[in-house]
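Accompanying notes for the structure given below.
Residue numbers (my numbering): 1125 to 1259.
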């Protein structure tokens, strides 16, 4: 059992995962910054701010992961379609998550967003590696 666990971590704890993590961390900083700017600076509701900032974050993450993390040379259109499928799923989860936990339960919108990002990171690396940017 120990060998299986070690093999799993060696396979996924790679340069790709490190770059994915760094891309994700920078996207998170960009995400929270734009969320604060849209909510506090422009007065948007938290739900509408997430709607707008997800478009920015999604574009950033696609191109940085394609070029830097996975060094993909495949057609942009094919990968963009696959990425869009994952992004649309994440987009609706983010909006539903914010609507439910901020509007319904009254949690702090930044904590709600943080929890949503942590959740999405858990499945996105595998989806990107084996579905979006597969070789």
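From the three backbone atoms N, C-alpha and C, an ideal C-beta is built for every residue, glycine too.
Return the Cβ separation of residue i and residue j in integer angstroms, given the expectation that the two are a contact with Cβ distance under 8 Å.
{"i": "residue 1257", "j": "residue 1205", "result": "Not quite, the Cβ-Cβ distance comes to about 12 Å (not below 8 Å), so this is no contact."}
Assuming residue i is part of the alpha helix (DSSP H), what are its boundary residues?
{"i": "residue 1148", "result": "1139-1160"}
{"i": "residue 1203", "result": "1200-1222"}
{"i": "residue 1179", "result": "1170-1188"}
In whole angstroms, what is the alpha-carbon distance linking residue i and residue j?
{"i": "residue 1141", "j": "residue 1233", "result": "28 Å"}
{"i": "residue 1221", "j": "residue 1144", "result": "23 Å"}
{"i": "residue 1182", "j": "residue 1248", "result": "12 Å"}
{"i": "residue 1127", "j": "residue 1171", "result": "45 Å"}
Once DSSP output is grouped into helix, strand and coil, what is the label at residue i?
{"i": "residue 1246", "result": "helix"}
{"i": "residue 1197", "result": "coil"}
{"i": "residue 1237", "result": "helix"}
{"i": "residue 1257", "result": "coil"}
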